[in-house]
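>
Numbering (this note's numbering), first residue to last: 395 to 682.
(1) Considering only residues of the same chain and omitting the five flanking positions on each side of residue 404, which have a CB-CB separation below 7 Å?
(2) Quick check on the burial criterion: 16 or more other C-beta atoms within 10 angstroms. Buried or exposed for residue 447?
(3) Just the Cα atoms here: how many angstroms apart are residue 534 and residue 450?
(4) Please return the same chain residues whose Cβ sits closer than 8 Å to the Cβ of residue 638, not counting the five positions on each side in sequence.
(5) Going along the chain, which residues of its own chain have a beta-carbon closer than 7 Å to the beta-carbon of residue 453, five neighbours each way excluded?
(6) If we ignore side chains and look at the alpha-carbon of each, how far apart do residue 579 and residue 412 end up?
(7) Rounded to whole angstroms, what's the CA-CA distance from residue 423 to residue 456? Just pull it up for me.
(8) Under DSSP, the beta strand (DSSP E) around residue 504 begins and ends at which residues?
(9) Are residue 600 and residue 432 close, meaning C-beta to C-beta below 8 Å?
(10) So, using beta-carbon positions, are residue 401 and residue 434 closer together than 8 Å?
(11) So residue 553 and residue 582 are supposed to be a Cβ contact under 8 Å. How far apart are they, rounded?
(12) Rounding to the nearest angstrom, what Cα-Cα distance links residue 421 and residue 494 in this structure?
(13) Out of 504, 587, 564 and 566, state which residue places its alpha-carbon closest to the alpha-carbon of residue 575.
(14) Taking Cβ positions, are residue 556 and residue 517 nearer each other than 8 Å?
(15) Consult DSSP for residue 471 and reduce its assignment to one of helix, strand or coil.
(16) In chain order, what residues of the same chain have a beta carbon less than 6 Å from the beta carbon of residue 507, not counting five sequence neighbours either side?
(17) Assign residue 397 to one of three DSSP states: helix, strand, or coil.
Right under this line is the structure:
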């Protein structure tokens, strides 16, 4: 089959392509593509394992470079959308614009599901000391997106600096308990407040939104529910996992956080044709 998932790094007009990151982190286009490629492979592998658990064998989607060996693992896509305009747009409008632009480009094909990342996402910073809700954090973030449906799953890159560039770094990045500098960078960690939490939640969110492009609807738990926050639990076992569970993910304001298992589910009796992107379960609560 020629059906494939195509990772793309979207660079808006007037932007240098460097994603937001601390000064000691490589934020180059090459670094971004390495991180996206690793994330796509992790999701590809996890899909196979979860379908195997369901008794259908290790089946998964193909990535672009596996179908066309001349293509890179992550394609750099130069958008005609101006960076300043992009940073003022809502995520639904960004999804519509980039989806249309990709389909009208040389890459346009019904055999592709695009996995897009916006290079110019920017957390504006804040002096607020008190804990913020996810919606409040998003309000400080420009060119933010976490939407999937049809042929495009689209994401911002405000937490891409927490992703690994090599397979060897996957475990250490999940286990990174370094607190997020919430005044300068987006904390999308599911209220864990750590770099490892940001990697887990955002990788899980990518899997979740990609699932919508495969016509998967929301479920009570698992990847298509709020279980995607805990995608790290698939990769961490034994002592390494126990070290991570001591962080803030188990308590928020002194109350235990409910966790769900990581599973991939589909309501077989329901067929969904998604013409518009689906939000990632609406506002995030402190206990889901």
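Every residue, glycine too, gets a C-beta built ideally from N, C-alpha and C.
In brief:
(1) 471, 473, 492, 510, 511, 512 and 513
(2) exposed
(3) 43 Å
(4) Bear in mind that a pLDDT of 47 at residue 638, under 50, signals an unreliable position, so the model cannot answer this.
(5) 442 and 445
(6) 15 Å
(7) 23 Å
(8) Per DSSP, residue 504 belongs to no beta strand (DSSP E) and is neither H nor E.
(9) no
(10) yes
(11) 5 Å
(12) 27 Å
(13) 587
(14) no
(15) strand
(16) 399, 545 and 607
(17) coil
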